[in-house]
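**Student:**
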Amino acid sequence: MKALLKARLPRPLREADLSRVEGVFTDVDGTLTTDHTLRSETVRALERLSSEGLRVVLVSGRPAGWGEAWARQLPVDGVIVENGGLFFLKGAKGHLRKVYAEAPAARAANRRRLQSEVARVLKQVPGARLSMDSAYTEVDLAVDYNEEARLGPAGADRIESLLVARGVTAVRSSIHINCWLGRFDKLSATRRFAKAAWGERLDPRDGRYVYAGDSFNDAPMFGAFGLGVGVANVRAVLDRIEAPPAFITRAPEGRGFEELARAILARRGRGAAREE
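Our numbering applies: residue 1155 is where the sequence shown begins, and numbers increase by one.
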């Protein structure tokens, strides 16, 4: 058991080969934010990556409404939201293109059923409630267990199991249990985004893209990306996450992302110097 656990432990970020990195996909809550706040230093890290020509895409469980605001106001190339239910692609002169994972009829049918199934589950768990920002979603819904509510791991586990038993996909972030109906997740949406934005068939293991995250719903990305990087607070879930990151930062949350950005830019600078 100890050997298995050791094999799953991520390596220090300093061991990652960042020499070919062209872009960064990153989670938001608990990865860019620090104590639920987006620090100016973290925004500056995004700005530096973008100004150096790296592609930056946010990948979050947060609502479509948040995603549009982020896409318009932050120095990013696009935003994937609602765990892959849709994304915003920033085009020429900042114009946004909005792309859904499913056709309108499927979305409408799934939305109706999802609302019904989630309502049933909420009645079975004392204190369970939708997140405040679920009002701004279009595809998924979020149950709050660690933002305004305090249900603890046991409450979150029960909600997840009840939803899954009813055929609902349910994955946990650091604050919410995101739930949806439909065949999509963060990874499938990332592949669709790369095709739509850059005309590329994304191979997450080719060393050109990094994924940064911190929680359970980042597992599909950690499993696919050779350069999957967990900020240090991911340690809290390493013994339970389906696929851990390959590497880990020293610092947690937004400071960990800043550490990653510095490492990418430093490696990029050394590579440019050698080419000269």
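Glycine residues also receive a C-beta, built at the ideal position from the N, C-alpha and C atoms.
#1: Taking C-beta to C-beta, are A1296 and D1287 nearer than 8 Å?
#2: Whose CA, out of I1313, W1224, R1265, lies closest to the CA of L1250?
#3: If you reduce the DSSP assignment to three classes, tell me which class I1395 lands in.
#4: Indicate the three-state DSSP secondary structure (helix, strand or coil) for R1355 in the structure shown.
#5: Of all the options V1293, K1247, A1263, K1244, which has the alpha carbon lying nearest to the alpha carbon of Y1254?
#6: To the nearest angstrom, how far is it from the Cα of L1203 to the Cα of R1209?
#7: If we count Cβ pairs, one from each stretch, closer than 8 Å, do we get three or more for the stretch 1374 to 1394 versus the stretch 1187 to 1207?
#8: Can you tell me which of the three DSSP states Y1290 falls into?
#9: Starting from the C-beta of V1233, find all residues in its chain whose C-beta is less than 6 Å away, skip the five residues before and the five after it, and write them out in chain order.
#10: Only counting the same chain, and skipping five residues up and downstream in sequence, which positions put a Cβ closer than 6 Å to that of P1358?
#11: Measuring CB atoms only, is the stretch 1298 to 1309 touching the stretch 1346 to 1353, in the sense that at least three cross pairs come out at less than 8 Å?
#12: Which residues in the same chain as L1317 place their Cβ atom closer than 6 Å to its Cβ, once the five residues preceding and following it in sequence are excluded?
#13: L1295 by DSSP, collapsed to three states: which one?
#14: For L1356, which residues in the same chain have their Cβ closer than 6 Å to its Cβ, ignoring the five residues on either side in sequence?
#15: Taking Cβ positions, are S1285 and R1326 nearer each other than 8 Å?
#16: Do the CB positions of Y1299 and F1179 come within less than 8 Å of each other?
#17: Could you compute how far the alpha carbon of G1336 sits from the alpha carbon of E1169?
#18: Answer yes or no: do R1421 and L1172 have a C-beta to C-beta separation smaller than 8 Å?
#19: Cα separation between V1182 and E1206?
#20: How would you label R1216, buried or exposed, when you count the other beta carbons within 10 angstroms and need 16 or more for buried?
#21: Are T1291 and A1218 close, meaning C-beta to C-beta below 8 Å?
#22: Is N1300 helix, strand or coil by DSSP?
#23: Could you have a look at P1258 and say whether DSSP puts it in helix, strand or coil?
#24: Return the Cβ separation of F1338 and G1245 in integer angstroms, given the expectation that the two are a contact with Cβ distance under 8 Å.
#25: Compare the beta carbon distance of I1509 and E1314 with 8 Å and say whether it is the shorter of the two.
#26: Determine the direct distance from the alpha carbon of R1312 to that of R1304, and round the result to whole angstroms.
#27: Give me the DSSP bridge partner(s) of R1165.
#28: If you draw a straight line from the C-alpha of V1197 to the C-alpha of R1409, how long is it?
#29: Only counting runs of 3 or more residues, tell me where the beta strand (DSSP E) segments fall wholly within the stretch 1314 to 1366, in order along the chain.
**Tutor:** Quick answer:
#1: yes
#2: W1224
#3: coil
#4: coil
#5: V1293
#6: 8 Å
#7: no
#8: helix
#9: L1212, G1221, W1224, A1225, F1242
#10: A1378, F1379
#11: no
#12: V1275, A1324, C1333
#13: strand
#14: R1345, A1348
#15: no
#16: no
#17: 37 Å
#18: yes
#19: 21 Å
#20: buried
#21: yes
#22: coil
#23: helix
#24: Not a contact, Cβ separation roughly 22 Å.
#25: Look at the range of the chain in this structure, 1155 to 1430, and you will see that residue 1509 is not part of it.
#26: 14 Å
#27: F1401
#28: 11 Å
#29: 1323 to 1326, 1330 to 1334
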